[in-house]
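A short write-up of the structure that comes next.
There are 2 protein chains.
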Amino acid sequence: MSEGTAFDRYLDARRREIDAALDEALPAPPACPPPIAEAMRYSVFAGGKRFRPILTLAAAEAAIPCGPDAAPPEDTGRMPALAGACAIELIHTYSLVHDDLPAMDDDTLRRGRPTSHVVFGEGVAILAGDALLTQAFTLLAGSPSHAPPGFEVRRLRAIARIAEAAGAAGMVGGQTLDLTAGAGADRGPVRAADDPEAALREVHERKTGALIRAAAAIGAILAGGGETAVRGVDAYAAHVGLAFQIVDDILDVEGSTAELGKTAGKDAVARKPTYPSMHGLDRSRALAADAVAAARDALASAGLGGRLGDIAEWVLSRTS
Amino acid sequence: MSEGTAFDRYLDARRREIDAALDEALPAPPACPPPIAEAMRYSVFAGGKRFRPILTLAAAEAAIPCGPDAAPPEDTGRMPALAGACAIELIHTYSLVHDDLPAMDDDTLRRGRPTSHVVFGEGVAILAGDALLTQAFTLLAGSPSHAPPGFEVRRLRAIARIAEAAGAAGMVGGQTLDLTAGAGADRGPVRAADDPEAALREVHERKTGALIRAAAAIGAILAGGGETAVRGVDAYAAHVGLAFQIVDDILDVEGSTAELGKTAGKDAVARKPTYPSMHGLDRSRALAADAVAAARDALASAGLGGRLGDIAEWVLSRTS
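First to last, the sequence lines map onto chains A and B. Numbering of the first sequence is given in the working numbering, commencing with residue 742 and proceeding in unit increments. Numbering of the second sequence is given in the working numbering, commencing with residue 742 and proceeding in unit increments.
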């Protein structure tokens, strides 16, 4: 453990804020049956890093308009951004629960604990994933009557952006490519035989990149950021998403199962194409560093500050 | 086949409208990978009755304000109601795809065709369900810039209502009760041992009732109906949902697999409590008729007309 830099304290504070909001956001009996509440809570509070929701909050902080056109204090977009951050984490969690199922990646360990279907059975794990995804939209729709005027449009934009990123064109599409490619098929719009690097990039952009970009973009949108800020945050997050995935691939090679909290070395066993398998470890590390530099450039071009730069460095240096 | 009453023609016209809108609403390559597009489309166009989306459109027609306070022609709520109707059908379809999985009801036949996991494999079937659920919210969020002012609030209300009805407190909660009760557990808020009829009602209200009610309510909401209309439609649909479920239970006993397009007699094999198993067939038929009468009363109290009364009768007389 580090002795605690200002950025570490920032991450801790945001995590506490997010965990408290998630705790409140999850349905509980008697509104819902106990088994589904239990399974949802188990996976949401399984020791996640909260990388994506922290990105949402940091993007909101960076994008809040300031100066003479600034919104009044009660309209800082902080509360809707927190709801958006939680929605992103619920969707991320649902994707892990479904991804771990026997019919998908068939994994029994996640964040150092048995996966949902190992604990609750496959049927309840499928339902818990479904409920987490649905609950994200309950959160995003919020209570319109309590929101200041103008928030409705931001909320609808955020819902559209998240649904696009999470659906067939985004995350679920990426999972589909991953799954059907593993079966020997090659059915993505980009054919791996023609351009293996482009095919690899496409899987990643959909599978992990789209939701990471949406996490940042909806922070800026919900905070009431202007188009320059939203576009800048989006460009930044596209590079951060790439760095995140390259580091994930490197950790799958270098990390131990204990350190990662999930089964290490899975990509090689599954013969999945990865950055290290395609470029080697050293070149992969350089590509990740390039992506983080590009992310910082995108912030500078849009005149965005705050913690977003630190978050990009965090992605590069993470070990789990 | 009937020779075609005015109501039959109404149903046919609404079905064509809904099918055309669904066709447009489903994602297609190159925006998404071909296998997920194919699996989504397979289940959406599998010969469904379109009962729920027709309910949405009929509720919208009944609830559109008229008289001196009526909205201008371009603001009739028809287009958003159609998007809402499609969203409801996508969610209904996703629930069938996941329900049929081996880990859930384990069914190989649906609407007379092999179920999704039989055709595409379990992994893609899980992902297709996920994508259908997500696409529903893409549709509901719409393109805010094209909607007349005031539509944002209606859309957010509709999203909140659908997410609540489909999630842990509604449909997914009902599936969970169904699944865990089958395993001998008795973990719903209402204990079957204490009050078997209340426990049966709870499963049904969550599993099928909540989405049927939401289908009708969002029609009224999206059409810009006042609170009396929305509440009237909601009360009507609660009774219709009960009638729908009782008739479903009766058809499972009386219908043939060929006629139903799904495996008949499953409830008895699974030893699930149903209306016929609890009350016998004759009393069940009387209870369904009572529910339809109560639905008509709710319409009359709220001063609502249109096709909603015919739809309630249709629920009672359906044979598949």
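Beta carbons: idealized from backbone N, C-alpha and C, even for Gly.
The continuous alpha helix (DSSP H) containing residue 982 of chain A extends over residues 968-995. In the three-state scheme derived from DSSP, where H, G and I count as helix and E and B as strand, residue 1059 of chain B is classed as coil. For residue 786 of chain B, no alpha helix (DSSP H) run applies, since DSSP gives it neither H nor E. With 16 or more neighbouring CB atoms inside 10 Å of its own CB, residue 774 of chain B falls in the buried class. Along the region 892-906 of chain B, the positions whose C-beta sits under 7 Å from a C-beta of chain A are 893, 894, 896, 897, 898, 900, 901, 904 and 905, read in chain order. In this structure, residue 803 of chain A sits away from residue 965 of chain A, with a CB-CB distance that is not shorter than 8 Å.
Within the DSSP bridge table, the entry for residue 794 of chain A names no partner.
Not one beta carbon of chain A lies nearer than 8 Å to the beta carbon of residue 963 of chain B.
Within the same chain, and ignoring the five residues on either side of residue 856 of chain A in sequence, the residues whose Cβ sits closer than 7 Å to its Cβ are 841, 848, 849 and 850. The Cβ-Cβ distance between residue 877 of chain B and residue 952 of chain B does not fall below 8 Å. In this chain, the alpha helix (DSSP H) harbouring residue 952 of chain A covers 951-963.
For residue 757 of chain B, the enclosing alpha helix (DSSP H) has its first and last residue at 747-766. Residue 864 of chain B reaches chain A at 844, 845 and 920, counting residues in chain order whose Cβ is nearer than 7 Å. Here residue 938 of chain A is exposed: its Cβ has fewer than 16 other Cβ atoms, across all protein chains shown, within 10 Å.
Residue 843 of chain B sits in coil when the DSSP states are folded into three classes, being neither helix nor strand. Between the alpha carbons of residue 918 of chain B and residue 821 of chain A lies a gap of roughly 33 Å. Between residue 959 of chain B and residue 882 of chain A, the CB-CB gap reaches or exceeds 8 Å. If you compare the alpha carbons of A:852, A:956 and A:861 with that of residue 1061 of chain A, the shortest gap goes to A:852.
In summary, the residues of the region 744-778 of chain A whose CB is separated from some CB of chain B by less than 8 Å are 768, 770, 771, 772, 773, 774, 775, 776, 777 and 778, in the order they occur in the chain. Proximity of the region 975-992 of chain B to the region 1027-1043 of chain B meets the contact definition, three or more beta-carbon pairs being nearer than 8 Å.
Out of A:875, A:1058 and A:1053, the CA that lies nearest to the CA of residue 799 of chain A is found in A:1053. In this structure residue 895 of chain B is buried. Its beta-carbon is surrounded by 16 or more other beta-carbon atoms within 10 angstroms.
The C-beta separation of residue 869 of chain B from residue 902 of chain B comes to about 24 Å, leaving the pair out of contact by the 8 Å criterion. Each of A:873, A:1038, A:768 and A:763 was checked against the Cα of residue 795 of chain A, and the nearest Cα belongs to A:763. Straight across, the Cα-Cα distance linking residue 994 of chain A with residue 865 of chain A is about 32 Å. Assigned with DSSP and collapsed to three states, residue 770 of chain B falls in coil, not helix or strand. With a threshold of 8 Å between beta carbons, residue 941 of chain B makes no contact with chain A.
Runs of alpha helix (DSSP H) with 4 or more residues, each lying fully within the region 859-888 of chain A, are found at 863-882, listed in chain order.
At least one CB of chain B lies nearer than 8 Å to the CB of residue 874 of chain A. The continuous alpha helix (DSSP H) containing residue 937 of chain A extends over residues 937-945. Excluding residues up to 5 positions away in sequence, nothing lies with its Cβ nearer than 6 Å to the Cβ of residue 754 of chain A in the same chain.
Counting along the chain, residue 904 of chain A sits inside the alpha helix (DSSP H) bounded by residues 892-907. Buried is the label assigned to residue 948 of chain A, since at least 16 other Cβ atoms lie within 10 Å of its Cβ. One thing to note: residue 897 of chain B has its Cβ no nearer than 8 Å to the Cβ of residue 973 of chain B.
Closest option to residue 874 of chain A, judged by alpha-carbon separation, among A:843, A:861, A:833 and A:845: A:833. Interface residue (Cβ-Cβ distance to chain B less than 8 Å): residue 986 of chain A is not classified as such.
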